[in-house]
Amino acid sequence: MKNHLCIGILIFLFCGVHAQTPTPAATDPINGKIHYAFTANHTQQLVGSYTSFGGDAWIPMGKRYTLNYNLRFGFPPNGGVYLHASDGLFLGGLLLANFSEYEVISAIGFLMLFIPEGVGYYVGNGPNKLHLSVNPLTIDYRYRNVPNGEWSTMGGNITARFHIPTKNDPETFISPFVGLVANYGNFRSFGLRAGLSLGFHTR
624 MKNHLCIGIL IFLFCGVHAQ TPTPAATDPI NGKIHYAFTA NHTQQLVGSY
674 TSFGGDAWIP MGKRYTLNYN LRFGFPPNGG VYLHASDGLF LGGLLLANFS
724 EYEVISAIGF LMLFIPEGVG YYVGNGPNKL HLSVNPLTID YRYRNVPNGE
774 WSTMGGNITA RFHIPTKNDP ETFISPFVGL VANYGNFRSF GLRAGLSLGF
824 HTR
């Protein structure tokens, strides 16, 4: 599995060289648009590894900054299910699910759904871009049908991804990415994540 992750990082670096080809700023169709994508992710930590699938969304703030959202599901090798989400999405969902009869708590839970997991920044001009993000507000939840098999922990990641439009449809893009991950308070949770997204952006 570690070999697969290394191969993915090499592919990512190759795509990075391609993505940094200079393009006139006048042809830049990316900045200031909403981006969303289907994502396949593999994470290798000191405590183990897992593969997950889900979706990403990047909401623009101005021309280059973004608010980042992510929701993924997976099945760890040792069994059970895995969920990754922003703190706001996870905790807001719990409030809505358990306290829906209380209007004030429900309103707080609804507002929490919109708290991003972090912020990002697009580097470069033109359709091929590097997107750097810092996401300190994430949570990992795992469940196994064994004693003490349910737990959740907060964490974060620093991720670099390349935005590469497809030739047939410039509003569709592929996005290889690599990043550093960790859960707070657990040194053995440090690791790498890598994967690929297939995405779209608004006109």
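Each position in the sequence shown, counted from 1, maps to that position plus 623 in this note's numbering. Glycine included, every Cβ here is placed at the ideal spot set by N, Cα and C.
- Message: Can you confirm whether the stretch 654 to 664 touches the stretch 672 to 690 when touching is taken to mean that 3 or more C-beta pairs between the two stretches lie within less than 8 Å?
- Response: The stretch 672 to 690 is in contact with the stretch 654 to 664.
- Task: Taking 8 Å as the threshold, find out whether the stretch 735 to 749 comes into contact with the stretch 687 to 702 through three or more Cβ pairs.
- Result: With contact defined as three or more Cβ pairs closer than 8 Å, the stretch 735 to 749 and the stretch 687 to 702 are in contact.
- Expressed to the nearest angstrom, what Euclidean distance is found between the alpha-carbon atoms of A649 and P793? Residue numbering aside, residue 649 sits at position 26 when the sequence shown is read from its first letter. Residue numbering aside, residue 793 sits at position 170 when the sequence shown is read from its first letter. Note on A649: pLDDT 40, under 50, position unreliable in the model; the coordinate value appears next. Spanning the two alpha carbons is a distance of roughly 15 Å.
- Message: Among the candidates L712, G732, Y659, whose CA atom is the shortest distance from the CA of I762?
- Response: Position 139 of the sequence shown, counted from the start, is the residue given in the question as residue 762. Closest by C-alpha distance to I762, out of L712, G732, Y659, is L712.
- Query: When DSSP builds the beta bridges, which residues end up paired with P788?
  - Reply: As a first step, residue 788 is located in the sequence shown; it is residue number 165 there, counting from the start. According to DSSP, P788 bridges with F796.
- Message: Does the structure place the stretch 767 to 776 close enough to the stretch 700 to 710 that three or more beta carbon pairs sit under 8 Å?
- Response: In this structure the stretch 700 to 710 lies against the stretch 767 to 776, because at least three pairs of beta carbons, one per stretch, are closer than 8 Å.
- Which listed residue (N664, G678, F733) has its alpha carbon closest to that of P699: Here residue 699 corresponds to residue number 76 of the sequence shown, with the count starting at 1. Among N664, G678, F733, the Cα nearest to that of P699 is on N664.
- Item | Cross-strand partners of Y692 (DSSP beta bridge) | In the sequence shown, counting from the first residue as 1, residue 692 sits at position 69. For Y692, DSSP records a beta bridge to A680.
- Task: With distances taken Cα to Cα, identify the nearest neighbour of G671 among S812, Y764, G818.
- Result: What you label residue 671 is simply residue 48 of the sequence shown in a count that begins at 1. Of the candidates S812, Y764, G818, the one whose C-alpha sits nearest the C-alpha of G671 is S812.
- Between T646 and the rest of its own chain, which residues show a CB-CB distance below 7 Å, the 5 nearest in sequence each way excluded? Along the sequence shown, read from residue 1 onward, the residue named residue 646 stands at position 23. For T646, the pLDDT reaches just 41, beneath the cut-off of 50, and the residue's location in the model is therefore unreliable, leaving the point undetermined.
- Item | From G818, H824, T825, residue whose alpha carbon lies closest to that of F676 | Numbered from its first residue, the sequence shown carries residue 676 at position 53. Looking at G818, H824, T825, the one whose alpha-carbon comes closest to that of F676 is G818.
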